[in-house]
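Protein chains in written order, with the working numbering: chain A, 82 to 531; chain B, 82 to 531.
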């Protein structure tokens, strides 16, 4: 993609309304634009990251056996009356009347609708288990939207719903999502810890939040050092097999947000293993049994011929919020430092002198070779000053930058900068493409968590 | 994908509310489920087709030089007051008040918002031309939603907006979209004709509807036979080159819907070239000049230093509606007949006797070989009766069916059925995979319009 054909409205000044790094950089790098409080347009650079996050989420959902559908954004109120939530849900629910005066709402979540969909068709335990998910825009009318996409009103979420004939099977579904989430976030280059969440009146140990470790995170988390960098399931992991070992491996060491912090249990963690860090919630998985299937009469026949309400769980990932979390976890003062798997482009190719024929020729050839190998290139082909180009590239946060100018070319060299470390090296023009393709592929391979 | 793991709630009976084939089959094949009048959940089979249509639309937009962004579904009313449309738009607009009492709306279209986005950043002719598009859910509160996804309330649309510094440049942008649309629909296996649309008070010849020819189409169209099967731009077509020839090639022959039908001009078409057919509108492209940029003060400096409002056009494709149009154009009494490029799966693999070890072994091997070659397989691995399996496969409308049973295997054979023609042939098991992979790839290649 040539920058001259792209649409990248960067800002030089820090927007006053942005108090945290991710919000600031997303506005400044032209990734998003605010259209109303907590409502954003996703500009091309931001949308590319959003789509890559979606893709990873989707791949890991499918690997775990979940099947994708798509529920609409607008829901009829009737369903919510069945569960009792239409009146119970607070002013965060955006309530709407259509032209016929019917009560509708912009879905803040989808338990009711998915239960309705499944009860219409699933009548026997033989049709179970089922895990269905969708990735859809939701709306929660927050009283004080803030921190950009971290707490927006219109936001993109992945939610999965599991349906089983017994609590034992529901536990298996829960563990599948638990394992899938470990892979999902790690593939984005995030260090994420599952921590116990508050099960509320339902009780039990089957509810976890997945928290990204980030210096400026919103909540305090307390964890055992052994959870950092812990192995996660590989790509050949058998989701049909016994998932108890991986679950207990991850949950037997202490991890809690301040809300669930237990001083007694914390006291038993050896001092040298105690870590107290900040975190951002990016996922939440929850086994809630028959909370919706009971009032909504979503029932199946068991093998014994008994009719029972289905056992359900729900599993959310804040897809748009993840952009914020990623930047909070990976940035410096100049901008984000995107992990290659979610970077809007893999490489920024900076032409220092567009008017110079040789420089532009080398750039165009390099662009073509890289793109032919599946590498995504943002080619900086504008006539702006070098300083502007460098600042903009750092602000975009692409993992690698290649700088090509007439002076270097005289020596047969161009410059490669690794955004993550800031490291710069000269490399020969001759085999530059091969060298860079290998670099990018290695980085992507690392994040594929084979 | 194994049917036992998929979610495919097919219906045996014809739903009474469905009066046209596409609506009927989409409900019966478990592609969609109505959640409220004109509001549908996209079940897994339907969603797969929707995503394939989206992908083709996206690829052709990018090829023509359009850049993707994503505007939110909920918009503030202010912008629409600037253009004067907040009051002018009828009850089709879903108006909403948020918890703070602010007027909002669910976007029925995005001219105002995109104009606002572009005016914030584009100040000079040097930054133009720009073509920006998004694929997003829209809402129009139709008084009588009907025909399933053909006239729904919540629907998925691709809309592109072009911004230019002069009417001459705007014409170039228009022609790019014109050419892109020819490729887009043909790649889906649709015979589509651009017909003159009503330019309204703006006048000129730069507005066309793209109409799919389908027996049960909603409107009458009159066209010159020469337009049928006419060549379209190949994949090496130069969108930066002179587009006038392709435009005049397609627009010099008579084509009009009944609204724009001109008896005098029609009289000049030789009788043997006159075709009167039915059609379904799936796209609309429109040059509207400064209709929005003028009141919204979206201006640029020209090369001569003059400040002028930008020249704009908008270009829509009814993405979710296309599923209906595709079925109307391609079906028989048993179900849809999907073109391979948009089929939910390429192949239905029917195991006639799951309990038979050899049959299941052959099926599993075939499934693995096909999937390894990138062929999408829906493996019918249920214990249902053969008759049910066949009917369901026809209802799903996958381009190819492979039927494997113990009797055929004894002869070393399996059966291949081509859904489009109904043709059945026996093929040897031994090189079945190779044979089928070739068949599917040829079909896909044909639709890639190289």
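Built from N, CA and C at the ideal position, the CB exists for glycine as well.
Quiz item: To which residues of the same chain is residue 235/B closer than 8 Å at the C-beta, ignoring the five residues directly before and after it?
Solution: 119, 120, 121, 218, 219 and 220
Self-check item: Under 8 Å between C-beta atoms of residue 277/A and residue 400/A
Solution: no
Quiz item: Is the CB of residue 540/B under 8 Å away from at least one CB in chain A?
Solution: With chain B running from 82 to 531 in the structure shown, residue 540/B is simply not present.
Practice problem: Give a yes or no on contact between the segment 245-257 of chain B and the segment 103-116 of chain B, applying the rule of three or more CB pairs nearer than 8 Å. | Solution: no
Quiz item: residue 155/B CB to nearest chain A CB: under 8 Å?
Solution: yes
Self-check item: Closest by C-alpha distance to residue 352/B, when choosing among 134/B, 131/B and 305/B
Solution: 305/B
Quiz item: residue 25/B bridges to which residues according to DSSP?
Solution: Summary: the structure shown does not reach residue 25/B, with chain B confined to residues 82 through 531, and so no result is reported for it.
Practice problem: Please report the Cβ distance between residue 436/A and residue 427/A, rounded to the nearest whole angstrom; I am assuming they are in contact, meaning their Cβ atoms lie under 8 Å. | Solution: That pair is no contact at about 27 Å.
Exercise. Using the Cα positions of residue 509/B and residue 447/B, report the straight-line distance between them to the nearest angstrom.
Key: 12 Å
Quiz prompt | Any chain B beta carbon closer than 8 Å to residue 189/A | solution = no
Quiz item: Do residue 146/B and residue 320/B have their CB atoms nearer than 8 Å?
Solution: yes
Quiz item: How should residue 475/A be labelled, buried or exposed, when 16 other C-beta atoms within 10 angstroms of its C-beta is the threshold for buried?
Solution: buried
Quiz item: Count the other CB atoms within 10 Å of the CB of residue 171/A; is the residue buried (16 or more) or exposed (fewer)?
Solution: exposed
Self-check item: Residue burial classification, residue 288/B (beta-carbon count within 10 angstroms, cutoff 16)
Solution: buried
Quiz prompt | residue 255/B in three-state terms, based on DSSP | solution = helix
Quiz item: Where does the unbroken beta strand (DSSP E) through residue 216/B begin, and where does it stop?
Solution: 211-220
Quiz item: Would the beta-carbon of residue 412/A fall within 8 Å of that of residue 87/A?
Solution: no
Quiz item: In angstroms, rounded to a whole number, what distance separates the CA positions of residue 314/B and residue 143/B?
Solution: 15 Å
Quiz item: Taking just the CA atoms, how far does residue 370/A sit from residue 181/A?
Solution: 36 Å
Quiz item: Can the beta-carbon of residue 433/A be found closer than 8 Å to that of residue 460/A?
Solution: no
Quiz item: Assuming residue 327/A and residue 138/A make a contact with CB atoms under 8 Å, what is their CB distance in whole Å?
Solution: Incorrect: roughly 19 Å between the Cβ atoms, too far for contact.
Practice problem: Leaving aside the five residues before and after residue 226/A along the sequence, list all residues of the same chain whose C-beta is less than 7 Å from its C-beta, in chain order. | Solution: 118, 119, 232, 233 and 234
Practice problem: Could you tell me which residues DSSP puts in a beta bridge with residue 458/B? | Solution: 428/B
Quiz prompt | Distance CB(residue 148/A)-CB(residue 212/A) smaller than 8 Å | solution = yes
Practice problem: Run the CB neighbour count on residue 464/B, radius 10 Å, all protein chains shown included, and call it buried at 16 or more, exposed below. | Solution: exposed
Practice problem: Could you tell me the distance, in whole angstroms, from the CA atom of residue 196/A to the CA atom of residue 280/A? | Solution: 20 Å
Practice problem: Indicate whether residue 423/A and residue 481/A have their beta-carbon atoms separated by less than 8 Å. | Solution: no
Quiz item: Roughly how many whole angstroms lie between the Cα atoms of residue 389/B and residue 165/B?
Solution: 20 Å
Practice problem: Indicate whether residue 405/A and residue 127/A have their beta-carbon atoms separated by less than 8 Å. | Solution: no
Practice problem: Compare the C-beta of residue 145/B against all C-beta atoms of chain A and say whether one is closer than 8 Å. | Solution: no
Quiz item: Which whole-angstrom value is the C-beta distance of residue 392/A and residue 260/A, which I expect to be below 8 Å?
Solution: Rounded, the Cβ-Cβ distance is 19 Å, inconsistent with contact.
Quiz item: Near residue 83/A, what residues of its chain come up, given a Cβ to Cβ distance below 6 Å and the 5 sequence neighbours on each side ignored?
Solution: 460 and 462
Quiz item: Can you list, in chain order, the residues of the segment 209-241 of chain A whose Cβ is nearer than 8 Å to any Cβ on chain E?
Solution: No chain E is present in this structure, whose protein chains are A and B.
Quiz item: Using a C-beta to C-beta distance shorter than 9 Å, which residues of chain B count as neighbours of residue 117/A?
Solution: 153, 155, 156, 157, 159, 179, 183 and 185
Quiz item: Quick one: what does DSSP say residue 533/A is sitting in, helix, strand or coil?
Solution: Given a span of 82 to 531 for chain A in the structure shown, any question on residue 533/A remains unanswerable.
Quiz prompt | Close-in-space but distant-in-sequence residues of the same chain around residue 363/A (CB under 8 Å, 5 per side omitted) | solution = 266, 271, 273, 291, 292, 293, 398, 399, 402, 403 and 406
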